[in-house]
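S.K.: Sending over a structure as structure tokens; questions will come in a sec.
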Amino acid sequence: MSDSTDSVSEPTRSTKRNLLATLEIDTRLLGMIGAFIVVCLVFNFLTDGRFLTPRNIFNLTIQTVSVALMATGMVFVIVTRNIDLSVGSLLATCSAIMAMMQTVVLPDWMGLGLEHPLIAPMAILTGILAGAIIGAFHGWLIGYLTIPAFIVTLGGLFVWRNVAWHLTNGQTIGPLDSNFQLLGGINGTLGETWSWVFGALAVIATLYALIAARRSKVRHEFQVKPVWAEVVIGGIATVAILGFVAILNAYEIPSRRLERSFEDRGLTMPEGFTAGYGIPYSVVLLIVVAIIMIVLARRTRLGRYIFAAGGNPEAAELSGIRTRALTVKVFMIMGILCAISAVVASARLTFHTNDIGTLDELRVIAAAVIGGTALSGGVGTIYGAILGALIMQSLQSGMAMVGVDAPYQNIVVGIVLVLAVYVDILYRKRTGS
Numbered sequence: 085m086s087d088s089t090d091s092v093s094e095p096t097r098s099t100k101r102n103l104l105a106t107l108e109i110d111t112r113l114l115g116m117i118g119a120f121i122v123v124c125l126v127f128n129f130l131t132d133g134r135f136l137t138p139r140n141i142f143n144l145t146i147q148t149v150s151v152a153l154m155a156t157g158m159v160f161v162i163v164t165r166n167i168d169l170s171v172g173s174l175l176a177t178c179s180a181i182m183a184m185m186q187t188v189v190l191p192d193w194m195g196l197g198l199e200h201p202l203i204a205p206m207a208i209l210t211g212i213l214a215g216a217i218i219g220a221f222h223g224w225l226i227g228y229l230t231i232p233a234f235i236v237t238l239g240g241l242f243v244w245r246n247v248a249w250h251l252t253n254g255q256t257i258g259p260l261d262s263n264f265q266l267l268g269g270i271n272g273t274l275g276e277t278w279s280w281v282f283g284a285l286a287v288i289a290t291l292y293a294l295i296a297a298r299r300s301k302v303r304h305e306f307q308v309k310p311v312w313a314e315v316v317i318g319g320i321a322t323v324a325i326l327g328f329v330a331i332l333n334a335y336e337i338p339s340r341r342l343e344r345s346f347e348d349r350g351l352t353m354p355e356g357f358t359a360g361y362g363i364p365y366s367v368v369l370l371i372v373v374a375i376i377m378i379v380l381a382r383r384t385r386l387g388r389y390i391f392a393a394g395g396n397p398e399a400a401e402l403s404g405i406r407t408r409a410l411t412v413k414v415f416m417i418m419g420i421l422c423a424i425s426a427v428v429a430s431a432r433l434t435f436h437t438n439d440i441g442t443l444d445e446l447r448v449i450a451a452a453v454i455g456g457t458a459l460s461g462g463v464g465t466i467y468g469a470i471l472g473a474l475i476m477q478s479l480q481s482g483m484a485m486v487g488v489d490a491p492y493q494n495i496v497v498g499i500v501l502v503l504a505v506y507v508d509i510l511y512r513k514r515t516g517s
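Numbers in the numbering used here are just positions in the sequence shown, counted from 1, shifted up by 84.
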């Protein structure tokens, strides 16, 4: 009986493998998507359907952005066989610098006055510059002075957290500039119409990328997928993009807030008028950063050098790659992303607090590792890190909705991180990668 069962199941497994091979779908990515779906369904059941409501999905997206932004940079750091334990503290320092620029330096010292249109962009540029300098300094200590990244960034964890405290004298700084707050999430969205426009453009760009990739393979005489496989992948991507837009548009703006919006413009809101939030600006920012990081990883010399150095540092050095300068660049990118993440995090809160970014080190590293970045170096994906951040945030959000206390949430996050590394080890042994 067992022989007949095995003979039936083996062709089934073979068919599945052939289908995935034809579609050229990463099985690890498919597993992560499956895990994310399971997490969502479980918490939706435990919360009586509240987890998968448009409101919670909207909140989940804006809560994920800050960690996801830093996770894209952590991929480069871990790929080069380093680690950065200072990202949460660096975020806090950049947030403190931008908060002081908005409330003290530019309005009072520079005489621009509160809510001046230049305050937000100048504060953001200052924060990004600070993040780049601090990140490059970390890279210099690691690359040129050969101090282990673990030690440098562990020191940075303590130093920059307290630098942030010193800059603000331990006080909460706010409210922040209203234009600055637009990047926080709920205070800045595209609205329904522009969200559909953005979704349509995203679909067009995705389909164009698929067609361009196919043409490039044909031009270089590489094997290509069957046309039906391309259509299936394009269809799935289209449904996912437009479905995401539809869900965010379904989260309606409270009527009182709409009334105030009409009153501010000297108008009367029509009876029965409703409107959805749409896609937050912070999510658009994450998408733009993700595209830039993917292009940087796949299409540039810097990206090739990063993965080459992570795969075999000695061979990379012998082939002429300046690994020390490369380390400086990687940590500078990480610092810039910490600053951008600080914009999103403080704008969402509408003020700067001393505990902003606390434990983000754990969440960012966990997101990158869960997303498939190998701690041994040389392997990692940007989209995997973003999906890892989404899984982490879904776990925390779901546990909060169920009523799990914050300390226990962190225990679960720690366990998930260890399990993710173990699963990664098993996966690489099985695939030989």
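Backbone N, C-alpha and C fix where the C-beta goes; we use that ideal spot for every residue, glycine too.
Spell out the partners DSSP gives T273 in its beta bridges.
M.R.: Paired residues: P364.
S.K.: Return the bridge partner residues of H436 from the DSSP annotation.
M.R.: DSSP lists I257 as partners of H436.
S.K.: Quick check on E336: does DSSP put it in helix, strand or coil?
M.R.: It is a strand residue.
S.K.: Put R139 into one of helix, strand or coil per three-state DSSP.
M.R.: Here R139 sits in helix by DSSP.
S.K.: Determine, using beta-carbon pairs with one atom in the stretch 424–438 and one in the stretch 169–181, whether at least three such pairs fall under 8 Å.
M.R.: Yes: the two stretches touch, three or more of their Cβ pairs being nearer than 8 Å.
S.K.: Expressed to the nearest angstrom, what Euclidean distance is found between the alpha-carbon atoms of T237 and G456?
M.R.: Answer to the nearest angstrom: the Cα atoms are 22 Å apart.
S.K.: Helix, strand or coil for V507, going by three-state DSSP, please let me know.
M.R.: Reduced to three states, the DSSP call for V507 is helix.
S.K.: Would you decide whether E347 is buried or exposed? Buried here means 16 or more other CB atoms lie within 10 Å of its CB.
M.R.: Result: exposed.
S.K.: Pull up the distance between the alpha-carbon of A334 and that of Y228, whole angstroms please.
M.R.: A334 and Y228: Cα-Cα distance of roughly 52 Å.
S.K.: Could you say which of N396, D508 and A119 lies nearest to A458 if we only look at CA atoms?
M.R.: The shortest C-alpha separation from A458 is found at D508.
S.K.: Quick check: the Cα distance between F221 and A207, rounded to an integer number of angstroms?
M.R.: Each residue's alpha carbon lies about 21 Å from the other.
S.K.: Which runs of the alpha helix (DSSP H) spanning at least 4 residues fall entirely within the stretch 456–503, listed in chain order?
M.R.: Runs found: 466–486.
S.K.: Helix, strand or coil: which one does DSSP assign to T230?
M.R.: T230: coil per DSSP, three-state reduction.
S.K.: Would K413 be called buried (16 or more neighbouring beta carbons within 10 Å of its own) or exposed?
M.R.: Label assigned to K413: buried.
S.K.: Assuming I257 and A183 are in contact, meaning their beta carbons sit under 8 Å apart, how far apart are those beta carbons, in whole angstroms?
M.R.: About 4 Å separates the two Cβ atoms, so the contact holds.
S.K.: When the Cα atoms are used, what is the spatial distance from F306 to I295?
M.R.: Distance between the alpha carbons of F306 and I295: 14 Å.
S.K.: So for G197, helix, strand or coil by DSSP?
M.R.: Coil, per DSSP.
S.K.: With a 10 Å radius around its C-beta and 16 neighbouring C-beta atoms as the bar for buried, classify E276 as buried or exposed.
M.R.: The residue in question, E276, is buried, as its Cβ has 16 or more Cβ neighbours within 10 Å.
S.K.: Should P364 go down as buried or exposed, given a rule of 16 or more other Cβ atoms within 10 Å for buried?
M.R.: Burial call: buried.
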